[in-house]
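These notes are about the structure you will find just below.
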Amino acid sequence: MRLLALLLIGGSAALGLAGTQVSERAALGYVVGLCQANATVTDSPMPCLSVDRRMQRQDGYAVVREPIHKKRTVLTSLAAIPGIEDPMLLDARAPNFFADAWNERARFLGGSRSGEPAGFVLAINPQYARSQDRFHIHLACLEPRSLQRLADDLPRISSERFTAMGQTMQGRRLWAMRVDGTDLAVKNPLQLLAEHMPGARESMGRHLLMVIPEAWPDGRRGFVLLTNQPNDGSPILSVEPFLDKSCLAHAA
1 MRLLALLLIG
11 GSAALGLAGT
21 QVSERAALGY
31 VVGLCQANAT
41 VTDSPMPCLS
51 VDRRMQRQDG
61 YAVVREPIHK
71 KRTVLTSLAA
81 IPGIEDPMLL
91 DARAPNFFAD
101 AWNERARFLG
111 GSRSGEPAGF
121 VLAINPQYAR
131 SQDRFHIHLA
141 CLEPRSLQRL
151 ADDLPRISSE
161 RFTAMGQTMQ
171 GRRLWAMRVD
181 GTDLAVKNPL
191 QLLAEHMPGA
201 RESMGRHLLM
211 VIPEAWPDGR
221 RGFVLLTNQP
231 NDGSPILSVE
241 PFLDKSCLAH
251 AA
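Per our numbering, the very first residue in the sequence shown carries number 1; after that it's consecutive.
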């Protein structure tokens with residue numbers, strides 16, 4: 001990942017660790033370690049945008065952004081949580097990283113929390129479709145064709161359970177669920193996936209999850225949760241084909 005390569009070079013040089021060797025899939029965890037160390041010593045989160053250290057370490061997170069073109073942004077756990085498949089994330093006391101990512105969006109929108117780009121999305125990959133073994137959520141936008149397919153299906157999306165969408169997105173049939181409300185504080189999307197998508201609790205590592213804020217025709221606001229059905233015989237699906245990561249490049 002170019003983002004991580006740039007951050008590793010800059011961060012390691014700043015802390016005098018330029019000779020350190022890091023495995024490719026552990027790079028994000030290494031960057032997080034640099035950010036935590038720098039925040040402890042200097043009160044600066046660099047090379048991250050922010051480091052949020054909570055009373056409980058497993059709840060803490062960092063926000064990492066590509067330093068030059070600013071196209072790629074992720075929120076990642078401070079604790080060594082590998083990804084969506086970790087059973088700890090389904091515990092009633094688990095951190096709600098999607099709520100944290102939603103609250104952090106102001107950093108990329110010029111301080112405003114009310115003017116997200118069209119199709120703003122929080123997205124996480126399945127276990128075998130990611131490049132990093134550190135839990136991370138992409139902050140991006142749906143690419144235009146996927147956004148239009150979602151808009152077409154919006155009136156039919158259930159608030160009680162995940163149901164198959166009427167149209168395919170990027171050639172795949174996704175499943176959707178509606179969640180009412182203006183924040184995610186009491187509705188953890190990962191736990192909603194486990195509870196309301198058939199078979200998901202036993203196979204979380206095979207699911208992607210995307211969370212998109214939406215407004216319904218009756219004026220109510222909420223979120224759409226999108227996931228895949230991993231038992232349909234198709235290859236493991238990544239979030240990458242659905243995302244436009246450049247949409248936030250000039251937002252802040």
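Ideal Cβ positions, reconstructed from N, Cα and C, are used throughout, including at glycine.
query	result
Which residues DSSP lists as bridging M210, in chain order	A123, L226
P198 CB to nearest heavy atom of the ligand NAP below 8 angstroms	Absent from the structure shown: the ligand NAP. Ligands present: none.
At least three beta-carbon pairs within less than 8 angstroms, the segment 232-250 to the segment 149-159	no
Pick from Q132, V51, Q170 that is closest to G29, judged by C-alpha positions	Q132
Strand pairing of A176, partner residues [DSSP]	T163, L226
Separation of A185 from A221, as counted between CA atoms	Sequence check: residue 221 is Arg here, not Ala. One C-alpha to the other measures close to 15 angstroms.
Between the CA atoms of P117 and E143 - distance to the nearest angstrom	11 angstroms
CB contact flag (G119, S158, <9 angstroms)	no
Whole-angstrom distance between C141 and G205, CA atom to CA atom	23 angstroms
Inter-stretch contact (C-beta, 8 angstroms, three-pair minimum) for the segment 26-43 and the segment 73-83	yes
Boundaries (first-last residue) of the beta strand (DSSP E) holding V51	50-52
Between the CA atoms of Q167 and A176 - distance to the nearest angstrom	11 angstroms
Residues of its chain near S112, where Cβ-Cβ distance is below 8 angstroms and the 5 sequence neighbours each way are ignored	Confidence is the limiting factor: at S112 the pLDDT is only 49, short of 50, which leaves the residue's position unreliable and the question unanswerable from this model.
Bridge-paired residues (DSSP) for S158	Per DSSP, none; premise fails for S158.
Within-9 angstroms CB hit, G205 to chain D	No chain D is part of this structure, which consists of one protein chain only.
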